[in-house]
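Beneath this line is the structure, given in structure tokens, with notes to follow.
In the numbering used here, the protein residues as written are 11 to 259.
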């Protein structure tokens with residue numbers, strides 16, 4: 011191993027136009043960790059059809075890592091999991107691990123892992139999605155026996171290059187404030203393409219309800235799987251916000 015990634019190297023599969031995953035991952039990664047990234051691509055016309063199409067090419071896309079010494083492969087794409095469902099997602103996880111001989115985790119499964127580690131059942135969803143995808147996400151979380159207590163989210167950016175990836179952080183923070191008044195245990199900021207770190211940091215300053223993003227859960231889950239003794243509980247991960255020194259909030 012070279013000087014970068016001595017503690018762990020994550021191979022990340024990122025949706026083609028997502029401009030959030032890399033900066034948030036680099037901010038969230040603990041010292042000694044590194045990543046390499048490749049893009050999930052599709053020429054399908056709708057968000058939903060592209061997301062499903064990505065899952066059909068996980069194995070092919072990961073071939074771009076070649077013989078790089080990745081310790082874990084991560085799919086930074088939550089929406090795909092909601093659409094294909096638990097059974098298909100777990101089958102893909104098994105296929106990827108059999109092929110590449112390292113753990114494979116999706117952002118959605120990482121979020122399930124984080125919620126279980128927190129030992130919570132009632133969740134609020136901060137959704138950047140159109141209604142159809144939000145509904146699919148509710149079905150997904152309920153399938154893992156989580157109760158969805160409330161849902162809110164910023165307005166889709168219909169005039170920008172992408173309705174989710176172009177969202178302003180101010181809308182995310184406002185939705186977070188609204189959800190903090192709900193009767194849930196934690197706020198889950200869904201979608202790896204919605205920027206969240208400034209809102210998470212500001213929410214802690216305002217003493218809002220505990221919250222985490224799917225990107226945060228994915229980084230934590232990767233670290234936990236590869237270096238369990240060195241990775242804290244999800245509660246400590248949320249509260250420490252050790253990454254805040256790496257970003258301008």
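Note that beta-carbon positions come from the ideal geometry of N, C-alpha and C, so glycine has one too.
DSSP puts residue i in a beta bridge; with which residues?
i: residue 48; result: 23
i: residue 82; result: 20
i: residue 116; result: 85
i: residue 43; result: 18
i: residue 161; result: 135
Can you give me the C-alpha to C-alpha distance between residue i and residue j, rounded to a whole angstrom?
i: residue 211; j: residue 159; result: 23 Å
i: residue 241; j: residue 229; result: 11 Å
i: residue 183; j: residue 205; result: 10 Å
i: residue 172; j: residue 28; result: A caution first: residue 172 carries a pLDDT of 42, below 50, which makes its placement in the model too unreliable to give a value.
i: residue 13; j: residue 239; result: 22 Å
i: residue 81; j: residue 185; result: 36 Å
i: residue 192; j: residue 136; result: 12 Å
i: residue 169; j: residue 139; result: Note on residue 169: pLDDT 46, under 50, position unreliable in the model; no value is reported.
i: residue 18; j: residue 43; result: 5 Å
i: residue 92; j: residue 154; result: 12 Å
i: residue 37; j: residue 232; result: 15 Å
i: residue 222; j: residue 214; result: 11 Å
i: residue 226; j: residue 146; result: 21 Å
i: residue 109; j: residue 51; result: 20 Å
i: residue 207; j: residue 34; result: 7 Å
i: residue 87; j: residue 250; result: 25 Å
i: residue 209; j: residue 248; result: 13 Å
For residue i, is the beta carbon positioned less than 7 Å from some heavy atom of the ligand MN?
i: residue 39; result: What this structure holds is no ligand at all, so the ligand MN is not there to describe.
Does residue i come out as helix, strand or coil in the three-state DSSP assignment?
i: residue 200; result: coil
i: residue 173; result: For residue 173, the pLDDT reaches just 47, beneath the cut-off of 50, and the residue's location in the model is therefore unreliable, although a value from the coordinates is still provided. Correct three-state label for residue 173: coil.
i: residue 130; result: coil
i: residue 237; result: coil
i: residue 75; result: helix
i: residue 142; result: helix
i: residue 168; result: In this prediction, residue 168 scores a pLDDT of 46, lower than 50, which makes its location untrustworthy; the coordinate-derived value is nonetheless stated afterwards. DSSP places residue 168 in coil when its eight states are reduced to three.
i: residue 90; result: helix
i: residue 193; result: coil
i: residue 149; result: helix
i: residue 156; result: coil
i: residue 107; result: helix
i: residue 54; result: coil
i: residue 218; result: coil
i: residue 123; result: helix
Closest by CA to residue i, which one among the options?
i: residue 131; options: 92, 157, 145; result: 157
i: residue 195; options: 232, 235, 133; result: 133
i: residue 73; options: 61, 93, 49; result: 49
i: residue 90; options: 116, 109, 76; result: 116
i: residue 111; options: 98, 78, 245; result: 78
i: residue 83; options: 57, 120, 40, 249; result: 120
i: residue 218; options: 30, 188, 234, 38; result: 188
i: residue 15; options: 61, 24, 41, 215; result: 41
i: residue 47; options: 68, 214, 56, 99; result: 68
i: residue 96; options: 197, 30, 243, 148; result: 148
i: residue 123; options: 251, 246, 234; result: 234
i: residue 57; options: 45, 25, 76, 103; result: 25
i: residue 236; options: 113, 55, 39; result: 113
Taking the alpha helix (DSSP H) that residue i belongs to, which residues open and close that run?
i: residue 245; result: 244-250
i: residue 223; result: That residue, residue 223, is in no alpha helix (DSSP H); its beta strand (DSSP E) goes 221-223.
i: residue 10; result: Residue 10 cannot be examined here, being either before or after the span of the chain that is shown, 11 to 259.
i: residue 35; result: 31-38
i: residue 64; result: 57-65
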